[in-house]
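S.K.: Residues in the sequence shown are numbered consecutively from 1, following full-length UniProt numbering. Sharing a structure, written as structure tokens. Questions coming.
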Amino acid sequence: MPDSTYPPAATATERDAAATASPFAENGNARPFLELRNISKAFAQGKQQLQVMENISLTVHEGEFVSVIGPSGSGKSTLLQMIGGVLLPDQGDIVLQGQRINGLQGKAGYMPQQPALLPWRTIEKNVILARETAGMPRQESLALARTWLDKVGLGGFARAYPRTLSGGMQQRVAFLRALLGPQSLLCLDEPFSALDAFTRSEMQAWLLRIWEENRRSVVFITHHIEEALLLSDTIYVLSSRPAHVIQKVSVPFPRPRREELVDTPEFIALRRQLTEALRAELNG
């Protein structure tokens, strides 16, 4: 790939920031919590094979928030489906806590783009669905659900039904369902993409606060560069199809983070770098 697909060289200030980047960056002594090793995937398209991704490798450490961004059609959601065992990679291995999990379902909690709440179940019973499926005690699960619904301002809706909640409220319920499941890895697939800009901003701040209390390992798919920078410890940038990793960014901003971070010069510089990387890829 020509050099023009990469963002401009970092300034001295940006290099200094990167040197104090996330504590997960290049930690050679810690075994990754999740590894994707040289993953490739193609789909049949008539008599042809459509190569969606080639030799994608990424790592997620325990307690790390990793975002994946890239052009539309670059296979970001397909990556999550392979991590979740719904799809098999054509090549490569997916390793979770040292175990190869290619094709194994139930190893990751999943939050889709739409809340996908069951309309006939109350809010508290939607929250405990993943725990029920895993055979965890029902009364204990309900008590935990009520505690967390109180924490996120939805305690008064525990016995209500999904149709009575706004889009943002339903997304909170969907996140709690994934968070309270037995899996230690969360896969979030553009969970705020259907929300208006104001609600999306509120949900980003909410997710930051809730995640920082819990620190589960997260793989987060988004098209939104600002969202990725605000939430993540590490960002992987994918190319156009067939997708491969063109850049890995260690996000240098300390936690806890607040929305005001987006107006700082350092944040704006990194946002510009990522924007240029994606623009060059789209124009390449």
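For glycine and all other residues, C-beta sits at the position ideal for the given N, C-alpha and C. Computed from a predicted model, the values in this text were never measured in an experiment.
Identify, in the order they occur along the chain, each residue of the same chain with its Cβ nearer than 8 Å to the Cβ of A21, setting aside the five sequence neighbours on each side.
M.R.: Per-residue confidence for A21 stands at a pLDDT of 48, beneath the threshold of 50, marking its modelled position as unreliable; the derived number appears in the next sentence. Closer than 8 Å at the Cβ level, and outside the excluded window around A21, lie S250, V251 and P252.
S.K.: So, are the CB atoms of A174 and A116 less than 8 Å apart?
M.R.: Yes, the pair counts as a contact, with Cβ atoms nearer than the cut-off.
S.K.: Please name the residue or residues paired with M111 in a DSSP beta bridge.
M.R.: Per DSSP, L188.
S.K.: With a cut-off of 8 Å on the beta carbons, I'd call L186 and V218 a contact; round off their distance for me.
M.R.: Indeed they touch by this definition, with Cβ atoms about 5 Å apart.
S.K.: Excluding the 5 residues preceding and the 5 following A205 in the sequence, name in chain order all residues of the same chain whose CB lies nearer than 6 Å to its CB.
M.R.: Cβ neighbours of A205 beyond the five flanking positions: E259.
S.K.: Unbroken alpha helix (DSSP H) runs of length 4 or more, entirely within the region 31 to 109: which are they?
M.R.: List check, alpha helix (DSSP H) in window: 76 to 83.
S.K.: Specify the secondary structure class of L207 as computed by DSSP and reduced to three states.
M.R.: L207 falls in the helix class under three-state DSSP.
S.K.: Name the residue from K47, P71, E62 and R163 whose alpha carbon lies nearest to the alpha carbon of P242.
M.R.: Here the closest residue by C-alpha is P71.
S.K.: Taking the alpha carbon of Q97 as the point to measure from, which residue in G63, L79 and P112 has its own alpha carbon closest?
M.R.: The shortest C-alpha separation from Q97 is found at G63.
S.K.: G155 to N283, Cα distance in whole Å?
M.R.: Their Cα atoms are separated by approximately 48 Å.
S.K.: Would you kindly work out how many angstroms separate the C-alpha atoms of K41 and R271, rounded to a whole number?
M.R.: When rounded, the distance between both Cα atoms is 29 Å.
S.K.: If you follow the beta strand (DSSP E) that Q247 is part of, which residue opens it and which one closes it?
M.R.: Residues V245 to S250.
S.K.: Which residue from R146, K248 and M82 puts its Cα closest to that of S239?
M.R.: Selected option, being the one with the closest Cα: K248.
S.K.: Identify every residue that forms a DSSP beta bridge with F220.
M.R.: DSSP lists S67 and L188 as partners of F220.
S.K.: Spatial neighbours of L87 within its chain, please: CB distance less than 6 Å, with the 5 preceding and 5 following residues excluded, ordered by chain position.
M.R.: Once the five neighbours on either side are set aside, the close Cβ partners of L87 are Q81.
S.K.: DSSP three-state call for L238: helix, strand or coil?
M.R.: L238: strand per DSSP, three-state reduction.
S.K.: Can you give me the start and stop residues for the alpha helix (DSSP H) that I128 sits inside?
M.R.: It is not in any alpha helix (DSSP H) - I128 carries neither H nor E in the DSSP assignment.
S.K.: Note down, in chain order, each residue of its chain lying with its Cβ closer than 8 Å to the Cβ of R215, except the 5 sequence neighbours on either side.
M.R.: Excluding positions up to five away in sequence, the list reads G63.
S.K.: Among D93, V52, I246 and I56, which one has its Cα closest to the Cα of G73?
M.R.: The residue with the shortest Cα to Cα distance from G73 is V52.
S.K.: I'd like to check one pair, R37 with G85: are the Cβ atoms closer than 8 Å?
M.R.: Not a contact, by the Cβ cut-off of 8 Å.
S.K.: Please classify W211: is it buried, with 16 or more other beta-carbons within 10 angstroms of its beta-carbon, or exposed?
M.R.: When all chains shown are included, W211 counts as buried.
S.K.: What are the start and end residues of the alpha helix (DSSP H) that includes D150?
M.R.: Taken as a continuous stretch (DSSP letters only), the alpha helix (DSSP H) holding D150 covers R138 to K151.
S.K.: Run the CB neighbour count on residue 288, radius 10 Å, all protein chains shown included, and call it buried at 16 or more, exposed below.
M.R.: Because the chain spans 1 through 284 in this model, residue 288 falls outside it and cannot be assessed.
S.K.: Given a cut-off of 8 Å on the beta-carbon distance, is the pair E124 and L142 in contact?
M.R.: Yes, Cβ-Cβ distance for E124 and L142 is below 8 Å.
S.K.: Under DSSP, the alpha helix (DSSP H) around R272 begins and ends at which residues?
M.R.: Element bounds for R272: P265 to N283.
S.K.: Please list, in chain order, all residues of the same chain as V66 whose beta carbon is under 6 Å from its beta carbon, the five residues on each side excluded.
M.R.: Contacts found: V60, V219 and T234.
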